[in-house]
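Novice: The following block contains the structure, expressed as structure tokens.
Number of protein chains: 2
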Amino acid sequence: MSIYVIGHKIPDSDSICGAIALAHLKNEIGEKAIPARLGELSPETQFIIDRFGFEAPLLKMNYAGEKVYIVDHTEKTQAPDDIDEATIVGIVDHHKLGDLTSSTPLECWIRPVGCSNTIIKMMYDFYKVDIPKDIAGIMMCAILSDTVLFKSPTTTTADRRAVEDLALIAGIPDYEALAMEMFKVKSAVEGTPVRELVLRDFKDFNMNGHKVGIGQLEVIDISVFDSIKSELMADITNLKAEGNRHTLILLLTDIMKEGSELILVSDDEKLIKSAFNLEDNSSNWLDGVLSRKKQIVPPLQGAFNS
Amino acid sequence: MSIYVIGHKIPDSDSICGAIALAHLKNEIGEKAIPARLGELSPETQFIIDRFGFEAPLLKMNYAGEKVYIVDHTEKTQAPDDIDEATIVGIVDHHKLGDLTSSTPLECWIRPVGCSNTIIKMMYDFYKVDIPKDIAGIMMCAILSDTVLFKSPTTTTADRRAVEDLALIAGIPDYEALAMEMFKVKSAVEGTPVRELVLRDFKDFNMNGHKVGIGQLEVIDISVFDSIKSELMADITNLKAEGNRHTLILLLTDIMKEGSELILVSDDEKLIKSAFNLEDNSSNWLDGVLSRKKQIVPPLQGAFNS
Ligand SMILES: [Mn+2]
Ligand SMILES: [Mn+2]
Numbered sequence: 001m002s003i004y005v006i007g008h009k010i011p012d013s014d015s016i017c018g019a020i021a022l023a024h025l026k027n028e029i030g031e032k033a034i035p036a037r038l039g040e041l042s043p044e045t046q047f048i049i050d051r052f053g054f055e056a057p058l059l060k061m062n063y064a065g066e067k068v069y070i071v072d073h074t075e076k077t078q079a080p081d082d083i084d085e086a087t088i089v090g091i092v093d094h095h096k097l098g099d100l101t102s103s104t105p106l107e108c109w110i111r112p113v114g115c116s117n118t119i120i121k122m123m124y125d126f127y128k129v130d131i132p133k134d135i136a137g138i139m140m141c142a143i144l145s146d147t148v149l150f151k152s153p154t155t156t157t158a159d160r161r162a163v164e165d166l167a168l169i170a171g172i173p174d175y176e177a178l179a180m181e182m183f184k185v186k187s188a189v190e191g192t193p194v195r196e197l198v199l200r201d202f203k204d205f206n207m208n209g210h211k212v213g214i215g216q217l218e219v220i221d222i223s224v225f226d227s228i229k230s231e232l233m234a235d236i237t238n239l240k241a242e243g244n245r246h247t248l249i250l251l252l253t254d255i256m257k258e259g260s261e262l263i264l265v266s267d268d269e270k271l272i273k274s275a276f277n278l279e280d281n282s283s284n285w286l287d288g289v290l291s292r293k294k295q296i297v298p299p300l301q302g303a304f305n306s
Numbered sequence: 001m002s003i004y005v006i007g008h009k010i011p012d013s014d015s016i017c018g019a020i021a022l023a024h025l026k027n028e029i030g031e032k033a034i035p036a037r038l039g040e041l042s043p044e045t046q047f048i049i050d051r052f053g054f055e056a057p058l059l060k061m062n063y064a065g066e067k068v069y070i071v072d073h074t075e076k077t078q079a080p081d082d083i084d085e086a087t088i089v090g091i092v093d094h095h096k097l098g099d100l101t102s103s104t105p106l107e108c109w110i111r112p113v114g115c116s117n118t119i120i121k122m123m124y125d126f127y128k129v130d131i132p133k134d135i136a137g138i139m140m141c142a143i144l145s146d147t148v149l150f151k152s153p154t155t156t157t158a159d160r161r162a163v164e165d166l167a168l169i170a171g172i173p174d175y176e177a178l179a180m181e182m183f184k185v186k187s188a189v190e191g192t193p194v195r196e197l198v199l200r201d202f203k204d205f206n207m208n209g210h211k212v213g214i215g216q217l218e219v220i221d222i223s224v225f226d227s228i229k230s231e232l233m234a235d236i237t238n239l240k241a242e243g244n245r246h247t248l249i250l251l252l253t254d255i256m257k258e259g260s261e262l263i264l265v266s267d268d269e270k271l272i273k274s275a276f277n278l279e280d281n282s283s284n285w286l287d288g289v290l291s292r293k294k295q296i297v298p299p300l301q302g303a304f305n306s
């Protein structure tokens, strides 16, 4: 029986590239594995897999009765709806430990690093399996994406070292140029429906019993949003209501200015603003904030728990 | 700020030896760590640490505001009562994934092997840190205990290989003789208060909202219990009521006959017996059952969830 290797809902590049890379490793060590995905590819991810000649993994939403290997999260809200009826055989992740549980012993490779693919690189090293050139390419791109070319405060020396190694294997010494190409694809927002933008990199969190949705758009120049900000605001208001959410936040991240503007609707806007020490009438610019995981989720969780 | 390395409540040899071994490793790689424990040592564990010249780790029950590294479980019921106010920085475990969560990214070394100390051995190898002779000794004993000298179905080749390596480092080629000595200590039940016996290796589980306590006593000859079985039955009846448990099970495991007798009190005895295909009036002997984790908990969980 094959194992399905899957990332999270609304998959990002780490989820897709990680599923492909980890499934390859599993097959190499004699465990039959199939990479799969829980949603559409983002333009960035499509760019990456095109660049290295891969197909999108199998789109599959239901896993009852199947064995699954989870990549890039440990949260029920980000897992298949029927995850309780599946057998989780393993997890690779770099986030806080969430509420997924298993009914049998499993393997978990969880490390406080910038990207799941950095950990998958460690797994290849552990099993002494060579990484094919094209797989090294997508793994490298995933790490450059998750760490925003090492600008994110989530970046560790392990991430840098993994990229250096993978760049050698992939034969792409100038990985910075590739990263900028990738970020340009990511920054193209014109002509895209706002709902698609809001959901492009979107995660729901359970914060002390409240459902909090947080989307993030990383661009090279935040001014691309100037003309559509009111449309974005209207759309997150709708999305909040549709999902019975307590709060919906969209982070507009400028990776060159290295900061994020926060646009939000909430049942308790004061609470959310206080979590980031924002004054009532201030602009919502958060200088130096690039990471949802490290700079947005923990203070919010703190505010909801206090 | 030091990290406290702690096993589970009612610590077994894996929890205590693992805390000592992992704290040593952490200190070697430059992270200040202190081994601690959540309860009294069992006679077996006392034998092991005496044999290799260690002191019992610090007895400490409260961890609010502290950093902790968890060994040998991922269950809230087995963790410090104030674990939600502590920061979990890492987990080493070999059980199913339980309901512990963290508020920040962490490291988890979880593997489906027979003992946490087998994984700690992998960590020493990963960090390329030499294992001191005495620490190799306690790690080896923990693995021999958890795997019942490789008789338990939880045993993997990784456990055997770890013991072989550790026996060399410890300078104890005849580790089987040491294991038998250890099991003899464990089998001495005479003169011990029954409550102490019942709690010697006891864990509470949350099964579909029901609290289920499962104790296990491993001995070389199950007939040692003949004269105290009615006392044991009376005591688990009391213990079930004291903890508002749905079910309380005590496994009397004969490691030479390789099987366990199950004595139990339950709000739904039929359910429990059906989980193990036991007839209403049959004896409760389960042939080949040595492992609570692999052979008792999963069928019970299945019965409670169906
Ligand atoms: Mn990621
Ligand atoms: Mn153990």
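So the sequences go chain by chain: Y and D. For what it's worth, full-length UniProt numbering labels the leading residue of the first sequence as 1, then goes sequentially. For what it's worth, full-length UniProt numbering labels the leading residue of the second sequence as 1, then goes sequentially. Backbone N, C-alpha and C fix where the C-beta goes; we use that ideal spot for every residue, glycine too.
Give me the subset of the segment 106–129 of chain D whose CB atoms are less than 9 Å from a CB atom of chain Y, sorted by chain position.
Specialist: Correct list: Leu106, Glu107, Cys108, Trp109, Ile110, Arg111, Pro112, Val113, Met122, Phe126.
Novice: Pick from Y:Asp50, Y:Glu164, Y:Ser223, Y:Thr155: whose alpha carbon is nearest that of Gly295 (chain Y)?
Specialist: In the first sequence, residue 295 (chain Y) corresponds to position 295, counting from 1. The amino acid occupying residue 295 (chain Y) in the given sequence is Gln; Gly does not appear at that position. Looking at the Cα atoms, Y:Thr155 is the closest of the given residues.
Novice: Given this structure, state the Cα-to-Cα distance separating Cys17 (chain Y) from Ile138 (chain Y), to the nearest angstrom.
Specialist: Working through the first sequence from its first residue, we reach residue 17 (chain Y) at position 17. Working through the first sequence from its first residue, we reach residue 138 (chain Y) at position 138. Roughly 6 Å between the two C-alpha positions.
Novice: Using a Cβ-Cβ cut-off of less than 7 Å, give me the residues of the segment 64–84 of chain D that come near chain Y, in sequence order.
Specialist: For the segment 64–84 of chain D, which is checked against every Cβ of chain Y, not one residue is closer than 7 Å.
Novice: Is Arg51 (chain D) helix, strand or coil when you go by DSSP?
Specialist: Position 51 of the second sequence holds residue 51 (chain D). Here Arg51 (chain D) sits in helix by DSSP.
Novice: Drop a sphere of 10 angstroms on the beta-carbon of Ser152 (chain Y), count the other beta-carbons inside from all chains shown, and report buried for 16 or more, exposed for fewer.
Specialist: The residue you call residue 152 (chain Y) lines up with position 152 of the first sequence. Label assigned to Ser152 (chain Y): buried.
Novice: Since Thr247 (chain D) and Ile272 (chain D) are thought to touch, with beta carbons under 8 Å apart, how far apart are those beta carbons, to the nearest angstrom?
Specialist: Counting from 1 along the second sequence, the entry for residue 247 (chain D) is found at position 247. Counting from 1 along the second sequence, the entry for residue 272 (chain D) is found at position 272. Their Cβ separation, rounded to whole angstroms, is 6 Å, which keeps Thr247 (chain D) and Ile272 (chain D) in contact under 8 Å.
Novice: Where do the ends of the beta strand (DSSP E) carrying Ile228 (chain D) lie?
Specialist: Against the second sequence, residue 228 (chain D) aligns to sequence position 228. Segment: none, Ile228 (chain D) is in no beta strand (DSSP E) and carries neither H nor E.
Novice: Candidates D:Gly114, D:Lys121, D:Lys76: which alpha carbon is nearest Ser102 (chain D)'s?
Specialist: Against the second sequence, residue 102 (chain D) aligns to sequence position 102. Measuring from the Cα of Ser102 (chain D), the nearest candidate turns out to be D:Lys76.
Novice: Give the residues of chain D in contact with Lys96 (chain Y), contact being defined as C-beta atoms less than 8 Å apart.
Specialist: The residue given as residue 96 (chain Y) occupies position 96 in the first sequence. The answer, in chain order, is Thr101, Ser102, Ser103, Thr104, Pro105, Leu106.
Novice: For Glu28 (chain Y), which residues from the same chain have a beta carbon less than 8 Å from its beta carbon, with the 5 sequence-adjacent residues on both sides left out?
Specialist: Along the first sequence, read from residue 1 onward, the residue named residue 28 (chain Y) stands at position 28. Answer for Glu28 (chain Y): Tyr127, Val129, listed in chain order.
Novice: Please state whether DSSP places Arg37 (chain D) in a helix, a strand or coil.
Specialist: Residue mapping note: residue 37 (chain D) aligns to position 37 of the second sequence, counting from 1. DSSP places Arg37 (chain D) in strand when its eight states are reduced to three.
Novice: Residue range of the alpha helix (DSSP H) that His94 (chain D) falls in?
Specialist: As a working mapping, residue 94 (chain D) is identified with position 94 in the second sequence. Counting along the chain, His94 (chain D) falls outside any alpha helix (DSSP H), and DSSP gives it neither H nor E.
Novice: Compare the C-beta of Pro153 (chain D) against all C-beta atoms of chain Y and say whether one is closer than 9 Å.
Specialist: Mapped onto the second sequence, residue 153 (chain D) falls at position 153. No, because no Cβ of chain Y sits closer than 9 Å to the Cβ of Pro153 (chain D).
Novice: Could you tell me whether the Cβ atoms of Leu251 (chain Y) and Leu217 (chain Y) are closer together than 9 Å?
Specialist: If you number the first sequence from 1, residue 251 (chain Y) lands on position 251. If you number the first sequence from 1, residue 217 (chain Y) lands on position 217. Taking 9 Å as the Cβ cut-off, Leu251 (chain Y) and Leu217 (chain Y) qualify as a contacting pair.
Novice: Where do the N-terminal and C-terminal ends of the alpha helix (DSSP H) with Lys273 (chain D) fall, by residue?
Specialist: Here residue 273 (chain D) refers to the residue found at position 273 when the second sequence is read from its first residue. Note, Lys273 (chain D): alpha helix (DSSP H), 269–275.
Novice: Could you check if Ser116 (chain D) belongs to the surroundings of ligand 2, using beta carbon to heavy atom distance under 8 Å?
Specialist: Here residue 116 (chain D) refers to the residue found at position 116 of the second sequence. Ser116 (chain D) Cβ: within cutoff of ligand 2.
Novice: Given a cut-off of 9 Å on the beta-carbon distance, is the pair Asp12 (chain Y) and Asp235 (chain Y) in contact?
Specialist: Position 12 of the first sequence, counting from 1, holds the residue named residue 12 (chain Y). Position 235 of the first sequence, counting from 1, holds the residue named residue 235 (chain Y). Against a cut-off of 9 Å, the Cβ pair of Asp235 (chain Y) and Asp12 (chain Y) comes out as no contact.
Novice: What residue from Y:Val185, Y:Ser282, Y:Lys293 has the CA that sits closest to Lys203 (chain Y)'s CA?
Specialist: Taking the first sequence and counting its residues from 1, one reaches residue 203 (chain Y) at position 203. Cα-wise, what sits closest to Lys203 (chain Y) is Y:Lys293.
Novice: Can you name the start and end residues of the beta strand (DSSP E) that His210 (chain Y) belongs to?
Specialist: Residue 210 (chain Y) sits at position 210 when you count from the first residue of the first sequence. His210 (chain Y) -> beta strand (DSSP E) spans 210–219.
Novice: Cβ-heavy atom distance between Ser152 (chain D) and ligand 2 below 8 Å?
Specialist: Residue mapping note: residue 152 (chain D) aligns to position 152 of the second sequence, counting from 1. For ligand 2, not one heavy atom lies less than 8 Å from the Cβ of Ser152 (chain D).
Novice: Taking C-beta pairs closer than 8 Å, name the residues in chain D that Pro298 (chain Y) reaches, listed in chain order.
Specialist: Within the first sequence, numbered from 1, the residue matching residue 298 (chain Y) stands at position 298. Within 8 Å Cβ-Cβ: Ser103, Thr104.
Novice: What did DSSP end up calling Asp254 (chain D) once you bin it into helix, strand or coil?
Specialist: Reading the second sequence from its first residue, position 254 is the one you call residue 254 (chain D). In the structure shown, Asp254 (chain D) sits in a strand (DSSP, three-state: E or B).
Novice: Does Ile6 (chain D) get closer than 9 Å to chain Y when you measure Cβ to Cβ?
Specialist: Position 6 of the second sequence, counting from 1, holds the residue named residue 6 (chain D). No, its Cβ sits nowhere closer than 9 Å to a Cβ of chain Y.
Novice: Using a threshold of 8 Å, is the CB atom of His94 (chain D) nearer than that to any non-hydrogen atom of ligand 2?
Specialist: For this step, residue 94 (chain D) is matched to residue 94 along the second sequence. Within the cutoff, so yes.
Novice: To the nearest angstrom, report how far apart Ile222 (chain D) and Pro105 (chain D) are at their CA atoms.
Specialist: Start at 1 with the first residue of the second sequence, and residue 222 (chain D) comes out as number 222. Start at 1 with the first residue of the second sequence, and residue 105 (chain D) comes out as number 105. So the alpha carbons of these two residues sit roughly 46 Å apart.
Novice: Check whether the Cβ of Asp72 (chain D) sits closer than 8 Å to any heavy atom of ligand 2, and report yes or no.
Specialist: Along the second sequence, one-based indexing puts residue 72 (chain D) at 72. Yes, ligand 2 has a heavy atom inside 8 Å of this Cβ.
Novice: Answer yes or no: the CB of Ser15 (chain Y) versus the heavy atoms of ligand 1, is any distance below 8 Å?
Specialist: For the purposes of this step, residue 15 (chain Y) is taken as residue 15 along the first sequence, with counting starting at 1. Yes, since a heavy atom of ligand 1 falls inside the 8 Å radius drawn around the Cβ of Ser15 (chain Y).
Novice: Is Asp159 (chain D) near ligand 2, going by C-beta to nearest heavy atom under 8 Å?
Specialist: Taking the first residue of the second sequence as position 1, residue 159 (chain D) is located at position 159. No, since every heavy atom of ligand 2 falls outside the 8 Å radius drawn around the Cβ of Asp159 (chain D).
Novice: Evaluate the contact criterion for the segment 62–71 of chain D versus the segment 58–75 of chain Y: three or more CB pairs, one atom per stretch, below 8 Å.
Specialist: Contact between the segment 62–71 of chain D and the segment 58–75 of chain Y is absent, because fewer than three Cβ pairs lie under 8 Å.
Novice: Alpha carbons only, please: which of Y:Leu22, Y:Gly288, Y:Gly209, Y:Glu269 is nearest the one belonging to Met122 (chain Y)?
Specialist: Within the first sequence, numbered from 1, the residue matching residue 122 (chain Y) stands at position 122. For Met122 (chain Y), the nearest C-alpha among the options comes from Y:Leu22.
Novice: Ordered along the chain, which non-local residues of its own chain (more than five positions away) have a Cβ less than 7 Å from that of Lys133 (chain Y)?
Specialist: As a position in the first sequence, residue 133 (chain Y) is number 133, starting the count at 1. Taken in chain order, the residues that qualify are Ile169, Ala170, Gly171.
Novice: Hey, is residue 308 (chain D)'s beta-carbon within less than 9 Å of any beta-carbon in chain Y?
Specialist: Past the edges of chain D, shown from 1 to 306, lies residue 308 (chain D), and the structure says nothing about it.
Novice: Comparing C-alpha positions only, which one of D:Pro80, D:Asp81, D:Glu31, D:His24 sits nearest to Phe54 (chain D)?
Specialist: The residue labelled residue 54 (chain D) in the question sits at position 54 within the second sequence. Ranking the options by Cα distance to Phe54 (chain D), first place goes to D:His24.
Novice: Quick one: which residues of the segment 44–59 of chain D get their C-beta closer than 9 Å to a C-beta of chain Y? List them in chain order.
Specialist: Residues: none.
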